[in-house]
Amino acid sequence: MCHQPFRRRFAPSNHRSQCRMGYRARMIQLISYLKRKPGTTHAEFLEYWHNNHGPLIRNSSAAKYVRRYEQHASVWPEPGSRMPEPEWDGVTIQWFDSAQSFYDHMKEDDFPAMMEDTDKFLDMTKTQFVITEEPTIVIS
Numbered sequence: 001m002c003h004q005p006f007r008r009r010f011a012p013s014n015h016r017s018q019c020r021m022g023y024r025a026r027m028i029q030l031i032s033y034l035k036r037k038p039g040t041t042h043a044e045f046l047e048y049w050h051n052n053h054g055p056l057i058r059n060s061s062a063a064k065y066v067r068r069y070e071q072h073a074s075v076w077p078e079p080g081s082r083m084p085e086p087e088w089d090g091v092t093i094q095w096f097d098s099a100q101s102f103y104d105h106m107k108e109d110d111f112p113a114m115m116e117d118t119d120k121f122l123d124m125t126k127t128q129f130v131i132t133e134e135p136t137i138v139i140s
């Protein structure tokens with residue numbers, strides 16, 4: 001089923017999914033800016049995120065709604081560097097066919113377990129989420 005994009009009605013046709021009814025609906029992304037739990041090192045955060053939380057999401061029933069799941073670790077300064085630590089420990093980007101797919105994935109029975117798992121490695125008071133439309137590519 002086709003769904004209209006959240007806000008934008010016009011975009012290059014190569015950035016839209018073709019639907020049976022003749023409309024074109026843009027995919028959406030959930031972009032999450034992740035901050036590790038206090039008392040956890042960046043290395044411990046990465047270990048848990050990559051080896052526990054990622055596989056939990058991949059193996060969940062909610063994963064059938066996720067078109068793509070990306071984990072982007074922040075680049076950390078070298079020891080002794082004067083560069084400050086990044087504000088975020090990592091970013092996830094989850095792609096969904098539509099807003100409805102995003103909402104449907106949250107209705108799956110194992111979704112609460114995935115959210116409960118975030119308490120093991122994330123500071124949810126500092127983690128932020130943004131839902132966006134499929135990007136417009138400026139340089140490729």
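Its first residue numbered 1, the sequence shown is counted upward by one per residue in our numbering. All C-beta atoms in this analysis are idealised placements derived from N, C-alpha and C, irrespective of residue type, glycine included. None of the values given here were measured: they were computed from a predicted structure.
Integer-rounded CB distance, given that Y65 should sit under 8 Å from D104 = 5 Å
Residue from S81, E133, G39 and T127 with nearest C-alpha to T92 = T127
Counting Cβ pairs, one atom from each stretch, are 3 or more of them under 8 Å apart for the segment 36-54 and the segment 111-123?
-> yes
Counterpart residues of E133 in DSSP-defined beta bridges = I28
Is the number of C-beta pairs between the segment 73-84 and the segment 52-62 that are closer than 8 Å three or more?
-> no
F121 in three-state terms, based on DSSP | coil
Check the DSSP bridge columns for H72 and list the partner residues they point to.
-> V91
Over the uninterrupted alpha helix (DSSP H) stretch that includes E44, give me the two end residues.
-> H42 to Y48
Go ahead and pull the three-state DSSP assignment for R58.
-> helix
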